[in-house]
Every structure is written in C-alpha cells, then in structure tokens.
Amino acid sequence: LVILLDSKAQQTELEWISYPPNGWEEISGLDENYTPIRTYQVCQVMEPNQNNWLRTNWIEKGNAQRIFVELKFTLRDCNSLPGVVGTCKETFNLYYQETDSEVGRSLRENQYVKIDTIAADESFTQGDLGERKMKLNTEVRIIGPLSRRGFYLAFQDVGACIALVSVKVYYKKCWSIIENLATFPDTVTGSEFSSLVEVEGACVSDAEEEADNSPKMHCSAEGEWLVPIGKCICKAGFHQKGDASPSQVSEVIKEKVQQRSIQLSWQEPQQPNGVITEYEIKYYEKDQKDRVYSTVRSKSTSATVNNLKPSTAYVFQIRAFTEAGYGTFGPRLEITTQEEATAAIVSSEQNPVIIIAVVAVAGTIILVFMVFGFIIGRRYALAGPIGLSAPVSLLKFPGTKTYIDPETYEDPNRAVHQFAKELDASCIKIERVIGAGEFGEVCSGRLKLPGKRDMSVAIKTLKVGYTEKQRRDFLCEASVMGQFDHPNVVHLEGVVTRGKPVMIVIEYMENGSLDGFLRKHDGQFTVIQLVGMLRGIAAGMRYLSDMGYVHRDLAARNILVNSNLVCKVSDFGLSRVIDDDPEAVYTTTGGKIPVRWTAPEAIQYRKFTSASDVWSYGVVMWEVMSYGERPYWDMSNQDVIKAIEEGYRLPAPMDCPPGLHQLMLDCWQKDRAERPKFDQIVSILDKMIRNPNTLKTPVGTCTRPISPLLDQSTPDFTAFRSVGEWLEAIKMERYRDNFTAAGYGSLESVARMSIEDVMSLGITLVGHQKKIMSSIQTMRAQMLHLHGTGVQV
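In full-length UniProt numbering, the protein residues as written are 1 to 793.
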C-alpha cells in the first residue's frame, strides 16, 4: 500500500475545514489501544435539519487512478438518546472533489461527488462509554478512476452523534521484483477492479530475452504480480545459481506386491539441489489407451499404493520436490499385481458341516444385499433425482447420474480428484492474459495431451499467496464442472493441483460472454438465430436440472459463446455470489444475490430450485432479444422488487415476436409451480424453429395473462402535460427540438410512433432508439390498459 493520508499518524492539529463552525469539532482523543489521536466529532442530534460538513486538506494522488478510503468511527445509538425521535440519524455521507491544485478554504456543496452513505455495524450507548467499550466501525470505499492531480474528501453529517476516529487514504501498487531473470519496476494498479496492467520486464545483467518470448507480467488491481509470460535466459557462458530442479529418482525397489497394493522404496536423487520436502509417485495401467494417471505423495523415501486391480500391470515413476520445484520423473518401473484369490479350496478331509455353514452364510449375505438393493432402488425411483444434499456414499444405479455437492465431502481435495482429471503442468502453455477472475487471472493457451492433438483452452489460475479456503473455493468450481458432460455446458478439461500455479483448464469459447457478444453485434442476427441460441441454453439447463443441479446465477453474462455461435452454460462457482460482483447488490441473510435475474421466492426466502432457474432463464431470453440491454434499465433494485411483487413484468423488446414474449411471461409466473419446466421450454423452442409462424402467436404454457412491466421511473405517462416533460422523465430531453420540429406536440401522437418514425427524427444511437421505443410501448399499454383512451396500437 502507498499511504497518501493517515490521520492517526499526525499528532498535531489536522486543521480540516468545518462548516458551519459549530458542527464538526476537532478533539484530542484515544484510539482502541489508548494511543493519543486527533478526532473529529459532531453530535447535533437535538436540532432538526442538520447539514454539517467537514473537508480534508488537499491530497495529491501521484500516479494513482484507484483510491481506497478507510474510515474508522464510533456512532451513538439513537434509541439511547431520549427526546430525539425524528431528528437523530445513524449514518453520514462521504464525498470527494477532484482538483489540479488547492482551491482555498471555501466549501461549496455542489462541487462534490457523493461516494456513499456510511452506516455503522456497531453503535454504542451511554453504558458502553462508562465501561470503556469502544465499538469501532471500519468501512472501506473506493473512488476512481481519477484524472486530476489530487482531490479532497468531505464528510456530511445530517444529524448523527458520531466520532471520526481515523481516516486513511491509500492506493495499491505492485512492488518491483525479479522474476525469470527479468526485473519488473514498481507499477501502480489500474483504474478498474478487473483491470490488469501489462508490464515489460528488463533482463538482468548477463541475461537476454528468449527468442520471440519477451518477459511480461501483469499487475492486478490488488497490487499482486500475476503469472509471468516469457522469460530471459542466461547468455552463453553463464548459468543461473540456486534454482536447479532436483535430479531424477532412478533407484526404485518393489518391496511388497499384493493383489490390490504395491509397496515401493527408493534412494534420494544424487543431486537434490536443496531440501526435498516430498516425493510424487505417478502410476497408470500399462494397457490403458488414454494413459490417465493417478498420483500419491510421500514425505519419506517409501510409499504404498493402494486400490489397485489384481492381475494388472502398472507403470510407476517418481520425482522429488524442493522449494525450486519438481524434478523430472525417473525411469518407468513396471510391476504386475498378484492374481485374485480363487474360491476357498476345501479338502475332502474337512468336516462337511463346515462346508454347509460357509455356503449358508454366503447365501444369506447375498440375499440381504439383494433385498437392500431392491428397497433402495424403489425409494430412489419414487423420490426422483437427489438434489444438492446428496450424500457422498450415494448408491449409483445403471442409467442414473445425479449431481453430488462437493460441500458434502469432508476433504474437498477428494471431491476434486474424483470429478476432475489431474493434468501435468508441462502439457499446458499459457499464451496471454485475457482477464481477471475472483481468485486470479484468466488466460488463454494450448493444451497438449499425450497421443492427442493440441487444443485451445481457457486457464483460470489461483493467485500467489492464497489461503487454504481460497484454494478450496477455487477448486470447488472444478468439482462441480467435472460432473457435467453436455454440448451446451462448458466442458472441464482438467485441473493442476500438484504444482504452481494451481489451475482450472476449460474449453476455450472464442466469442466470450453472451451479453457482451450481443451488444457488439446489435441487430445483426435473425430471430431464428436468436431462438437457436436460446434453445441451446435451455438444453444445457434441462441437462443440469435433470441431474438435480440448481445454478442460482443464470444470466447472459454467465453464458459463453464459441466460434460456431453455440451457447454454453458456465460459471458454476456461484452457489454463492462474490462481493465484488456489481450485480450482487441486494443483501439477504444468506449473502448477496443478483436481484434482476432472481425469482421472488429466492429473494425473499432464499428458496432456490430449478423453478427459480426458469425465472432467470426468462430474463436471459429478454437479454438475448434486446441484444444485451440491462434488465429493468435504470430502475433501482428496490423498485424492481416492488414492481415484481405488484405483478408487473418486463415488456417485449423491440421486434420481439409475441410467442417469445409469452414464453418469458410464463417463466415469470409468481407461483413457481405454474412455470414451465426446461424440457417444456426446449420443446416449445424446437417448434418455433421448425415452424417460424408459431413465433407470431402466443402459445405459452400458462393460461393467466400477466401485465407487462410499466416503467417504474415514469409510473403514469398520462400524468405528463407535454412531450417535453415525458422526454425529461426518461432522460432523453436532448431530443426535445427533434420532436417539436417533426410536429409531435401531444403524447397521443407520440404513442402512435414506430421505430421508423423515431429514426426519421435523426436519432441515430441504437440504445436511445430502443429506450424511446420501449417507453412508447409502455405508454401505449398504460393508455389502453389503465385509461382506455382508444389509441391504436
């Protein structure tokens, strides 16, 4: 961190600007560790309509574009203050103003940009003060991108009893490092949360760039260097010190061979080149065609490999690991397990009674297992697919495949290795960084498996310095994806867990996320092509639903598109939604959820089912037909929740066939039992593709009509007195003169406009055309449905 301001570090007066003078007051106090500090306090809770401002001194930002503001404060509980009902508040506001230089001591409210309203998680009472229990709140906010030389921070109190204990302002940068014989300088992070700053490295002395592979690193928004690409190599006559891989483990001895296990021992390699911390034993069946291997690890120079097949030839190889990394695998060692024991041979001299007893016991055991299997099978058939709470020891029956939640495993690593294939890092070549994910960077590259052609892949990597929980959460997505195999679900190629960086390797989808792809190609596809995309998404969701998997975050941003326009469902790490997701802005007891795509019962009660996924699919349909427009436009999340509860639904996008909009409305039934199933949706879309005429006729699955969503930002168009007021309400007042010059003087005349009429006004921006036409369509609905004006639609 590079600190620009730390009020706790200053022992003298801060001398910030306070207005009015009787508002915020600078006071000497003690922090939570009883260290003397300078604080600002205000407690004008007895008087109404408070507006007290406090402004810092000018802060020069240097090269930073993204600034962090950390506030520590205490706040008095209004309930503990008698006689202040209606005047006391428990929040304050944070603002900033960008400038190129100091602007003096004047303070003008309209020059400041609001960052956020700050609320306290913990408030104190008078009794707390007496017992010296300081309930300190810490809040961090981010501002940027910044373009001027510096800025001011300002705090607005509107009637709270608050003490601002400390203010720390800082930015993040990646500190200079040497990696792969290249020096990378101090680098300030980018302006956005997901931005990556590419940095060229300079080779150290006596080193030179590898041919066509110049050294590069990417500085993440968190101030961390990401996986290096390219490198420098030593010049002729020089070698790199202290980083050699261990030499091969060449002397391996088979100690004990049984039917299902083999015990091995070996000598330490001749050149360990450091302290060996563990060994890795790779093994596979000799006659296996695809050479899928397994591994075990050992801290010592011996190991026992279990769970083998009898009478089977296995190939073993061993390598050592030090801080410098893994050495190369030693020579192959072939060992065949013992034959499986045959049935006990009973000599003629043995007692016949013993023979009868053994046969009887064996028969009883077989009978018990048959009965148990019949009962379990019948219960399974009656209960249907087992959902997210399926136990790890679930009995499998021919023809059935059920999703198993990795969270049910006591050891998450076991889930990863059960469902995902372990890849050797040497088979993966990272070519370039294409983005930043929750846990690290996302790269594109090539995967070359033995005996197979190389393929393009996307590679998710786990950033350096991860915690065990981050590693577990990162690999959880692979444990989920590895259970799926469908042409409309993104395919997992494998994982790398036994090397650094830890990686998840998936198929490469050339056209990226569906929402961005549609916005880039606005208006360029036929309706049938769009329906084909929707059919693919529905088929993928039908497969997931049949397996008992609930996605919870189905949205166009989580659908990937390949070069053949095939859409595939992705993003299986979000049974939870990450805090940095801008769509995850509605907080419930169980976490944050994306309101605009989520069914009402999931928002209110966190009831996620395949039926709630169907609701989300309806929103995806709307996104596709509107070419990636934001659902519910500029409405706030609370307005969306309120509108949905009142029964309103999104209107049909421009040029959307009635049949498709009716299917959307079916997906948005309030009663989840009345929503169609994914297999019904696939069937309906298949009929539309085979017979495009059905697109013109609403043939949905529900019988109850639902009112389209009336634009909540303008709840009643008939309340406006002029076309100018209407344009101002939808923030399109810039076209007021265009409408006037064309003779549109009344709302009734506007309601009759077509898209061609709008374009003839000189409105060329597609987004503005859509917004105006969507508003006109809603205006028609209101005039017909609410007021019966008789306007021809």
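Every residue, glycine too, gets a C-beta built ideally from N, C-alpha and C.
Unbroken beta strand (DSSP E) run spanning residue i, endpoints
| i | result |
| --- | --- |
| residue 279 | 278–285 |
| residue 435 | 428–436 |
| residue 95 | 91–99 |
| residue 725 | From DSSP, residue 725 is part of no beta strand (DSSP E) but of the alpha helix (DSSP H) over 723–729. |
| residue 334 | 333–336 |
| residue 51 | Unbroken run through residue 51: none, as it is neither H nor E. |
| residue 154 | 150–157 |
| residue 507 | 503–507 |
| residue 493 | 492–496 |
| residue 17 | 17–19 |
Straight-line Cα distance separating residue j from residue i
| i | j | result |
| --- | --- | --- |
| residue 207 | residue 185 | 17 angstroms |
| residue 247 | residue 515 | 50 angstroms |
| residue 604 | residue 619 | 18 angstroms |
| residue 323 | residue 237 | 26 angstroms |
| residue 71 | residue 639 | 30 angstroms |
| residue 102 | residue 58 | 6 angstroms |
| residue 245 | residue 333 | 22 angstroms |
| residue 39 | residue 474 | 42 angstroms |
| residue 14 | residue 196 | 36 angstroms |
| residue 606 | residue 722 | 44 angstroms |
| residue 613 | residue 552 | 6 angstroms |
| residue 338 | residue 268 | 28 angstroms |
| residue 538 | residue 321 | 47 angstroms |
| residue 12 | residue 162 | 21 angstroms |
| residue 173 | residue 66 | 10 angstroms |
| residue 450 | residue 278 | 26 angstroms |
| residue 441 | residue 159 | 45 angstroms |
| residue 422 | residue 494 | 6 angstroms |
| residue 5 | residue 16 | 13 angstroms |
| residue 448 | residue 492 | 15 angstroms |
| residue 571 | residue 554 | 9 angstroms |
| residue 8 | residue 165 | 8 angstroms |
| residue 80 | residue 125 | 6 angstroms |
| residue 625 | residue 153 | 43 angstroms |
| residue 747 | residue 651 | 19 angstroms |
| residue 679 | residue 686 | 11 angstroms |
| residue 729 | residue 720 | 9 angstroms |
| residue 272 | residue 235 | 25 angstroms |
Endpoints, alpha helix (DSSP H) assigned at residue i
| i | result |
| --- | --- |
| residue 617 | 610–625 |
| residue 648 | Segment: none, residue 648 is in no alpha helix (DSSP H) and carries neither H nor E. |
| residue 517 | 514–520 |
| residue 477 | 468–481 |
| residue 532 | 527–546 |
| residue 410 | Residue 410 -> no alpha helix (DSSP H), and no H or E assigned at all. |
| residue 666 | 658–667 |
| residue 750 | 747–751 |
| residue 686 | 678–690 |
| residue 600 | 600–605 |
| residue 141 | No alpha helix (DSSP H) holds residue 141; the beta strand (DSSP E) holding it covers 137–143. |
Expected contact under 8 angstroms - CB spacing of residue i and residue j to nearest Å
| i | j | result |
| --- | --- | --- |
| residue 249 | residue 330 | 4 angstroms |
| residue 135 | residue 122 | 4 angstroms |
| residue 295 | residue 312 | At roughly 18 angstroms, the Cβ-Cβ gap does not stay under 8 angstroms, so residue 295 and residue 312 are not in contact. |
| residue 666 | residue 675 | 7 angstroms |
| residue 211 | residue 194 | The pair is not a contact, with the Cβ atoms about 32 angstroms apart (cut-off 8 angstroms). |
| residue 540 | residue 488 | 3 angstroms |
Under 7 angstroms between C-beta atoms of residue i and residue j
| i | j | result |
| --- | --- | --- |
| residue 832 | residue 519 | Since the first residue shown for the chain is 1 and the last is 793, residue 832 is missing from the structure and cannot be characterised. |
| residue 426 | residue 508 | no |
| residue 64 | residue 188 | yes |
| residue 623 | residue 556 | yes |
| residue 510 | residue 562 | yes |
| residue 779 | residue 751 | yes |
| residue 326 | residue 283 | no |
| residue 463 | residue 179 | no |
| residue 682 | residue 568 | no |
| residue 138 | residue 119 | no |
The segment 255–266 touching the segment 205–220, judged by at least three CB pairs closer than 8 angstroms
The answer is no - the segment 205–220 does not touch the segment 255–266, with fewer than three Cβ pairs under 8 angstroms.
Are there three or more Cβ pairs, one per stretch, closer than 8 angstroms when the segment 402–413 is compared with the segment 476–488?
yes
Below 8 angstroms, how does it come out for the segment 495–511 and the segment 451–466: are there three or more Cβ pairs, yes or no?
Verdict: yes, contact present.
Contact between the segment 640–658 and the segment 548–566 is defined here as three or more beta-carbon pairs at a separation below 8 angstroms; is this criterion met?
no
Could you say if the segment 41–53 and the segment 76–90 meet the contact criterion of at least three C-beta pairs nearer than 8 angstroms?
yes
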